[in-house]
Amino acid sequence: GNSVTQMEGPVTLSEEAFLTINCTYTATGYPSLFWYVQYPGEGLQLLLKATKADDKGSNKGFEATYRKETTSFHLEKGSVQVSDSAVYFCALSEGGGSEKLVFGKGTKLTVNP
Amino acid sequence: GAVVSQHPSRVICKSGTSVKIECRSLDFQATTMFWYRQFPKQSLMLMATSNEGSKATYEQGVEKDKFLINHASLTLSTLTVTSAHPEDSSFYICSARDRQGRSHGYTFGSGTRLTVV
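One line per chain: the protein sequences are A and B, in this order.
Going by the working numbering, the first sequence opens with residue 13, and the numbers climb by one from there.
Going by the working numbering, the second sequence opens with residue 27, and the numbers climb by one from there.
Laid out in structure tokens, this is it:
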């Protein structure tokens, strides 16, 4: 079945450091890919998405490119802030009429001043 | 933007009792709602999908008689954990799909931390 694998956390960075959170997927068909962010005590919020190969999703300085050849959707940010501290989830939408989202395990990011 | 209100945020109950969790879409109509369970340091696991006015579809391994889902209106879905046991302690999150498919269509509640003692 479909699955998402993302790098284990936690990840701790200093402010203004470069961030990469790896995400790879296994899917039949052509899934859409997402990154969600969960701030402490809150629900999941959509951070960015990509619906087809070579699409780049971007939001709030975060970027991820849908790489079909490597089945990856790595999340990057050039300069993190303390306010970026949260748990990040990579997910795919199975498509093909299914509305299910399949999530990775989440990666906790802590950014120190 | 679309908002989903989930209540309660935290609940502690005694073993053997039942607990109801509500999920409301505040400014949109949700034709489909999803219920997830999240264990510590684990991913969100889909428990069931509910469509307004019809029976929920449960994922393999989820006991439908234990986790009762009702989606009686386009703005409200409830999850009732019946005869709760300590192993049911977990973080439960709902998600609603916007009927109009705005954005990517999935809006999440803030979750409910259930502790069964």
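Using N, Cα and C, we set each Cβ at its ideal position, and we do this for glycine too.
Checklist entry - chain B beta carbons: is any one of them nearer than 8 Å to that of L113/A? => result yes
Next on the checklist: Just checking: is the beta-carbon of Y132/B within a distance shorter than 8 Å of some beta-carbon in chain A?
Outcome noted: yes
Item to check | Straight-line Cα distance separating F74/A from G42/B | outcome: 46 Å
Next on the checklist: So S136/B contacts chain A; which residues on that side make the cut at Cβ distance below 8 Å?
Outcome noted: G53, E54, G55
Checklist entry - When DSSP labels each residue in this structure, what does V94/A get in the three-state scheme? => result DSSP places V94/A in the helix class (H, G or I) of the three-state scheme.
Checklist entry - Of the residues W47/A, S15/A, P52/A, E28/A, which one's Cα is nearest the Cα of T138/B? => result P52/A
Checklist entry - Closer than 9 Å, Cβ to any Cβ of chain A: which residues of the stretch 43-75 of chain B, in chain order? => result T58, F60, Y62, Q64, K67, Q68, S69, L70, M71, L72, T75
Checklist entry - For D114/B, which of F65/B, S51/B, V30/B has the nearest alpha-carbon? => result F65/B
Item to check | Whole-angstrom C-beta distance between A65/A and K80/A, which should lie under 8 Å | outcome: 4 Å
Checklist entry - K72/A CB to nearest chain B CB: under 8 Å? => result The beta-carbon of K72/A is placed no less than 8 Å from the nearest beta-carbon of chain B.
Item to check | Residue from C49/B, S69/B, F117/B, Y84/B with nearest C-alpha to L140/B | outcome: F117/B
Checklist entry - Quick one: does G41/A have its CB under 8 Å from some CB of chain B? => result no
Checklist entry - Would the beta-carbon of T11/A fall within 8 Å of that of T122/A? => result Given that chain A is displayed from residue 13 to residue 125, the structure contains no residue 11/A and the question cannot be resolved.
Checklist entry - Any contact of the stretch 27-37 of chain B with the stretch 81-88 of chain B, i.e. 3+ C-beta pairs under 8 Å? => result As far as the Cβ criterion goes, the stretch 27-37 of chain B does not touch the stretch 81-88 of chain B, which means the pair count is below three.
Checklist entry - Any idea what DSSP makes of E89/B, helix, strand or coil? => result coil
Checklist entry - Within 8 Å (strictly less), CB to CB, does G116/A reach chain B? => result yes
Checklist entry - Does the Cβ of L52/B have 16 or more other Cβ atoms within 10 Å, making it buried, or fewer, making it exposed? => result exposed
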